[in-house]
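Trainee: Residue numbers (full-length UniProt numbering): 1 to 317. Beta carbons are placed, not taken as given, at the ideal position from N, Cα and C, and that holds for glycine.
Structure, rendered in C-alpha cells:
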C-alpha cells in the first residue's frame with residue numbers, strides 16, 4: 001500500500017511533466033515548420049489585394065473588404081460561386097448524414113456547422129444522446145472484431161496444435177488487415193474521387209480515425225466535382241468500423257505499456273528484496289509476499305496471452 005501511494009505520488013507529476021514537455025516540443029516544431037508558410041501566404045494575399053485596388057480604381061477598399069468577408073462567410077456555410085450561380089449541396093440528406101456521424105463520433109471537422117438557433121439547439125440534444133449511443137455501438141463492433149480474432153486463433157490451435165503462435169499470428173493478421181482497410185487503401189479512393197495525392201489521403205484517414213478532425217481536408221466538399229450517391233455512405237461506414245479497430249489497437253498499446261511497467265516494478269522489488277532482508281528492514285515473510293505478488297501478476301499476464309476465451313474489448317489483447 002505504501003509503495004503504491006509512493007508510486008502514485010511521484011508518477012503523476014512526472015507524467016504531467018512529460019505531457020507538458022511533449023506538447024511544448026510539438027508546438028516548437030510546428031511553429032518552425034508552419035509559421036514561415038503562414039507569413040508568405042499573408043504577404044501574398046496583401047499584395048493581391050493592393051494589386052486589385054490599383055488595377056480597378058472604381059473599387060473602394062471598405063466595399064471590397066465587405067465583399068471578401070461575405071464570400072468567406074458564405075464558403076463556411078457551404079455556398080460557393082460558380083459563374084453567375086451558386087452551388088449548394090452541403091445540407092442535402094447525404095451531407096447532413098455525414099455531418100451527423102462526424103458529430104456523434106466527436107470528429108468535428110469544423111468546416112460546417114448549424115447557422116440557425118433551432119439547428120444549434122437540436123445539435124446539442126442530438127450529440128448529448130448520440131455520443132453515448134456511438135460509444136455503445138463501437139464497443140459492440142469491437143467485441144465482434146475481437147471475437148472473430150479469437151475464433152480464428154482457436155481454429156488454428158485445433159488444426160496446427162499451436163499455442164502462443166496462433167494468438168500472435170491472428171493479432172498480427174488483424175493489425176495488418178486493419179492497416180490495409182482503414183489507412184492504406186482508402187487514400188486510393190480519395191485520390192480518385194477528390195483529386196488528392198496519396199499522402200493527403202493518408203493524412204485525412206489518420207486525422208479522421210483519431211477523431212482529431214482538423215477540417216482542412218473533408219470528403220465531398222469540392223463544388224467542381226460530381227460525387228456518386230454511395231460515396232458518403234461508404235465513408236461513413238469506413239469511419240465507424242475504423243474507429244472500432246483503432247480503439248482496439250490503442251487499447252492494446254496501453255495494456256502493453258502497463259504490463260511492461262508492472263513487469264519492471266516486479267523485477268525492481270525482486271532485486272531490492274535480498275538487500276532489505278540482510279539489513280533487517282523487512283522480514284522474510286514480507287519478502288516472500290512480494291515474490292508471490294509478482295509471481296501472481298506474471299501468471300495472470302501469461303494466462304491472458306494464452307487464453308482465447310471471449311473478453312470485453314476494454315480488456316482485450
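Does residue 16 come out as helix, strand or coil in the three-state DSSP assignment?
Mentor: Counted from its first residue, the chain shown places residue 16 at position 16. Helix.
Trainee: Would DSSP call residue 113 helix, strand or coil?
Mentor: Counted from its first residue, the chain shown places residue 113 at position 113. Reduced to three states, the DSSP call for residue 113 is coil.
Trainee: Would DSSP call residue 212 helix, strand or coil?
Mentor: Taking the first residue of the chain shown as 1, we reach residue 212 at position 212. DSSP places residue 212 in coil when its eight states are reduced to three.
Trainee: Is residue 141 closer than 8 Å to residue 206 when the C-beta atoms are compared?
Mentor: By 1-based counting over the chain shown, the position of residue 206 is 206. By 1-based counting over the chain shown, the position of residue 141 is 141. The answer is no: Cβ separation not under 8 Å.
Trainee: Going straight from the alpha carbon of residue 38 to that of residue 148, what length do you get?
Mentor: Here the question's residue 38 lines up with position 38 in the chain shown. Here the question's residue 148 lines up with position 148 in the chain shown. If I take the Cα positions, the gap works out to 48 Å.
Trainee: Using CA atoms only, rank isn't needed, just tell me which of 69, 238, 98 is closest to residue 179.
Mentor: Sequence index remark: in the chain shown, residue 179 carries index 179 (1-based). Residue 238 holds the alpha-carbon nearest to the alpha-carbon of residue 179 among 69, 238, 98.
Trainee: One question on the structure: do residue 249 and residue 175 come within less than 8 Å of each other, judged by their Cβ atoms?
Mentor: In the chain shown, the residue the question calls residue 249 occupies position 249. In the chain shown, the residue the question calls residue 175 occupies position 175. Their beta carbons are under 8 Å apart, which means residue 249 touches residue 175 by this criterion.
Trainee: Tell me whether residue 25 is buried or exposed, calling it buried when 16 or more other Cβ atoms sit within 10 Å of its Cβ.
Mentor: Within the chain shown, residue 25 is the residue found at index 25, counting from 1. Its Cβ having fewer than 16 others within 10 Å, residue 25 is exposed.
Trainee: Between residue 156 and residue 170, how many whole angstroms is the CB-CB distance? I'm expecting something under 8 Å.
Mentor: Counted from its first residue, the chain shown places residue 156 at position 156. Counted from its first residue, the chain shown places residue 170 at position 170. Going by Cβ atoms, the distance from residue 156 to residue 170 rounds to 7 Å, so yes, they are a contact pair.
Trainee: I'd like to know whether the C-beta atoms of residue 220 and residue 98 end up nearer to each other than 8 Å.
Mentor: Mapped onto the chain shown, residue 220 falls at position 220. Mapped onto the chain shown, residue 98 falls at position 98. Yes. Within cutoff.
Trainee: Return the CA-CA distance between residue 235 and residue 182, expressed in angstroms with no decimal places.
Mentor: Reading the chain shown from its first residue, position 235 is the one you call residue 235. Reading the chain shown from its first residue, position 182 is the one you call residue 182. Their Cα atoms are separated by approximately 10 Å.
Trainee: Anyone know if the C-beta pair for residue 198 and residue 187 falls short of 8 Å?
Mentor: As a first step, residue 198 must be located in the chain shown, where it is residue number 198. As a first step, residue 187 must be located in the chain shown, where it is residue number 187. Against a cut-off of 8 Å, the Cβ pair of residue 187 and residue 198 comes out as a contact.
Trainee: Using the Cα positions of residue 138 and residue 210, report the straight-line distance between them to the nearest angstrom.
Mentor: Here the question's residue 138 lines up with position 138 in the chain shown. Here the question's residue 210 lines up with position 210 in the chain shown. Their backbone Cα atoms lie some 14 Å apart in a straight line.
Trainee: Go to residue 102, then tell me how far its alpha helix (DSSP H) extends in each direction, as first and last residue.
Mentor: For the purposes of this step, residue 102 is taken as residue 102 along the chain shown, with counting starting at 1. 93-104 is the span of the alpha helix (DSSP H), which, as asked, contains residue 102.
Trainee: Comparing C-alpha positions only, which one of 46, 105, 95 sits nearest to residue 244?
Mentor: By 1-based counting over the chain shown, the position of residue 244 is 244. Ranking the options by Cα distance to residue 244, first place goes to 105.
Trainee: Keeping to the same chain, check which residues put their C-beta closer than 6 Å to that of residue 225; ignore five residues upstream and five downstream.
Mentor: Walking along the chain shown from the start, residue 225 turns up at place 225. Within the same chain, residue 225 has no close Cβ partners at all.
Trainee: In whole angstroms, give me the CA-to-CA distance for residue 94 and residue 233.
Mentor: Residue mapping note: residue 94 aligns to position 94 of the chain shown, counting from 1. Residue mapping note: residue 233 aligns to position 233 of the chain shown, counting from 1. Distance between the alpha carbons of residue 94 and residue 233: 7 Å.
Trainee: By Cβ distance, which residues of its chain are closer than 7 Å to residue 208, with the 5 residues on each side in sequence left out?
Mentor: Indexing the chain shown from 1 puts residue 208 at position 208. Closer than 7 Å at the Cβ level, and outside the excluded window around residue 208, lie 107, 239.
Trainee: What residues in its chain sit with their C-beta under 6 Å from that of residue 246, if we drop five residues either side in the sequence?
Mentor: For the purposes of this step, residue 246 is taken as residue 246 along the chain shown, with counting starting at 1. Closer than 6 Å at Cβ, skipping near neighbours: 209.
Trainee: Nearest-angstrom Cα distance between residue 126 and residue 90?
Mentor: Within the chain shown, the letter at position 126 stands for residue 126. Within the chain shown, the letter at position 90 stands for residue 90. Their Cα atoms are separated by approximately 19 Å.
Trainee: Please state whether DSSP places residue 11 in a helix, a strand or coil.
Mentor: Sequence index remark: in the chain shown, residue 11 carries index 11 (1-based). Looking at residue 11 - three-state DSSP - the assignment turns out to be helix.
Trainee: Does DSSP put residue 230 in a helix, a strand or coil?
Mentor: Here residue 230 refers to the residue found at position 230 when the chain shown is read from its first residue. It is coil, neither helix nor strand.
Trainee: Look at the alpha carbon of residue 257 and the alpha carbon of residue 172, and state the distance between them as a whole number of angstroms.
Mentor: Sequence index remark: in the chain shown, residue 257 carries index 257 (1-based). Sequence index remark: in the chain shown, residue 172 carries index 172 (1-based). Roughly 18 Å separates the two Cα atoms.
Trainee: Should residue 218 and residue 134 be called a contact, given that it needs their Cβ atoms to be closer than 8 Å?
Mentor: Here residue 218 corresponds to residue number 218 of the chain shown, with the count starting at 1. Here residue 134 corresponds to residue number 134 of the chain shown, with the count starting at 1. Result no, Cβ atoms of residue 218 and residue 134 do not sit closer than 8 Å.
Trainee: Can you tell me whether residue 19 is buried or exposed, with buried defined as 16 or more other CB within 10 angstroms of its CB?
Mentor: To locate residue 19, count along the chain shown from 1; it is residue 19. By the 10 Å Cβ count, residue 19 comes out exposed.
Trainee: Counting only the same chain and skipping the five closest in sequence on each side, list residues whose C-beta sits under 8 Å from that of residue 162.
Mentor: Indexing the chain shown from 1 puts residue 162 at position 162. Counting only residues of its own chain and dropping the five nearest sequence neighbours on each side, residue 162 has a CB closer than 8 Å to the CB of 156, 169.
Trainee: Taking the alpha carbon of residue 231 as the reference point, which residue from 204, 42, 189, 48 has its own alpha carbon closest?
Mentor: Position 231 of the chain shown, counting from 1, holds the residue named residue 231. Comparing Cα-Cα distances from residue 231 to each of 204, 42, 189, 48, the minimum goes to 189.
Trainee: Put residue 108 into one of helix, strand or coil per three-state DSSP.
Mentor: The count along the chain shown starts at 1 and reaches residue 108 at position 108. Collapsing the DSSP output to three states places residue 108 in coil.
Trainee: Between which residues of its own chain and residue 130 is the CB-CB distance below 6 Å, once the five residues before and five after are set aside?
Mentor: The residue given as residue 130 occupies position 130 in the chain shown. Excluding sequence neighbours, residue 130 sits near 104.
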